[in-house]
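Residue numbers (full-length UniProt numbering): 1 to 300.
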């Protein structure tokens with residue numbers, strides 16, 4: 001096995017963090033998992049890691065958590081209650097920057113996103129851009145940004161829409177191309193990056209599991225749930241805004257969602273992915289995820 005390291009995992013019980021923590025523990029590393037709630041302690045320790053309970057919004061907590069770590073795995077946990085998503089991303093990014101700088105950590109693996117090359121125009125992803133730029137200011141640190149595509153799990157949001165309307169509805173669709181990513185493939189990539197030594201500086205790695213059009217996504221999901229004629233209907237931004245307002249979603253969520261989807265529709269989200277000639281290397285293909293989607297759909 002590789003040299004034993006002290007590794008701190010933020011979001012240790014998340015879809016990425018839990019799998020990653022299990023992999024690192026199995027490989028003999030000293031893993032510290034960060035959880036937000038007191039009840040997370042037992043769950044983290046049950047998979048063989050040490051636990052620290054606190055918030056990534058607490059800079060002092062992070063400074064202590066990162067002390068003497070060889071590697072830190074960072075991600076920004078979702079926050080659906082914030083009134084300004086970009087400010088929230090910046091708060092977490094600044095906390096990570098200060099804590100890493102203070103604790104003298106030399107290797108960082110950070111979960112980011114496709115579209116993070118752009119400072120604006122990508123909705124929530126603009127926050128991921130800001131976090132990258134904050135961490136890029138660290139000196140004498142080896143940092144790898146793992147830029148995932150559209151996370152498969154986000155397709156679960158269409159379950160209710162399909163049940164209520166018999167179709168997928170959004171302000172992107174048709175032949176719009178989606179770089180699709182499984183959280184398992186992100187965890188595998190993070191494990192690889194943590195295990196290998198990387199030279200000082202900034203590194204970017206795209207994590208793609210599949211690359212398909214919205215129509216192909218609708219076909220695969222439809223076949224899996226027994227609706228072989230499932231269609232993906234594209235509506236206007238104004239129409240989507242009205243639907244989201246009826247769901248009592250916040251202005252922040254509505255504005256960022258519409259902007260994010262628009263950047264998928266016009267291709268801006270994936271322009272750097274294509275420029276770097278990135279290709280899907282992940283193991284979880286659309287048809288694999290469709291089986292998981294069908295289970296969730298049938299239980300809803």
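Built from N, CA and C at the ideal position, the CB exists for glycine as well.
Quick check on residue i: buried or exposed, where buried means 16 or more other Cβ atoms within 10 Å of its Cβ?
i, result
"residue 115", "buried"
"residue 18", "buried"
"residue 171", "buried"
"residue 110", "buried"
"residue 256", "buried"
"residue 219", "buried"
"residue 189", "buried"
"residue 33", "buried"
"residue 31", "buried"
"residue 113", "buried"
"residue 203", "exposed"
"residue 176", "buried"
"residue 300", "exposed"
"residue 275", "exposed"
"residue 119", "exposed"
"residue 21", "buried"
"residue 42", "exposed"
"residue 46", "exposed"
"residue 39", "exposed"
"residue 252", "buried"
"residue 222", "buried"
"residue 282", "buried"
"residue 71", "buried"
"residue 8", "buried"
In three-state DSSP terms, what is residue i?
i, result
"residue 73", "strand"
"residue 120", "coil"
"residue 135", "helix"
"residue 55", "coil"
"residue 282", "coil"
"residue 82", "coil"
"residue 140", "coil"
"residue 150", "strand"
"residue 68", "coil"
"residue 256", "helix"
"residue 265", "helix"
"residue 14", "coil"
"residue 145", "strand"
"residue 33", "strand"
Residue range of the alpha helix (DSSP H) that residue i falls in?
i, result
"residue 290", "286 to 299"
"residue 183", "183 to 195"
"residue 93", "85 to 103"
"residue 164", "159 to 165"
"residue 44", "40 to 46"
"residue 6", "From DSSP, residue 6 is part of no alpha helix (DSSP H) but of the beta strand (DSSP E) over 6 to 9."
Output the boundary residues of the beta strand (DSSP E) element that contains residue i.
i, result
"residue 277", "From DSSP, residue 277 is part of no beta strand (DSSP E); its letter is neither H nor E."
"residue 27", "That residue, residue 27, is in no beta strand (DSSP E); it is neither H nor E in DSSP."
"residue 107", "107 to 113"
Less than 7 Å between the CB of residue i and some heavy atom of the ligand COA, yes or no?
i, result
"residue 258", "Looking at this structure, you won't find the ligand COA or any other ligand, since it has none at all."
Would you please verify whether the beta carbon of residue i is less than 8 Å from any beta carbon of chain C?
i, result
"residue 37", "This model lacks chain C altogether; it includes just one protein chain."
>> Three or more C-beta pairs under 8 Å: does that hold for the segment 253 to 272 against the segment 184 to 197?
In response: no
> Hey, which unbroken runs of the alpha helix (DSSP H) at 4 residues or more fall wholly within the segment 168 to 254?
Replying inline: 183 to 195, 214 to 225 and 237 to 246
>> If contact is defined by three or more beta carbon pairs under 8 Å, each pair taking one atom from either stretch, is the segment 255 to 263 in contact with the segment 123 to 134?
In response: yes
> Does the pairing of the segment 75 to 88 with the segment 8 to 27 give three or more beta-carbon distances under 8 Å?
Replying inline: yes
> If you pair each beta-carbon of the segment 222 to 232 with each one of the segment 51 to 60, do three or more pairs fall below 8 Å?
Replying inline: no
> Per the contact definition of three or more C-beta pairs closer than 8 Å, is the segment 141 to 154 in contact with the segment 235 to 243?
Replying inline: no
> Do three or more CB pairs link the segment 175 to 183 to the segment 84 to 100 at distances below 8 Å?
Replying inline: no
> Are three or more beta carbon pairs between the segment 159 to 168 and the segment 131 to 140 nearer than 8 Å?
Replying inline: no
> Quick check: the segment 286 to 300 against the segment 201 to 221, are there 3 or more CB pairs under 8 Å?
Replying inline: yes
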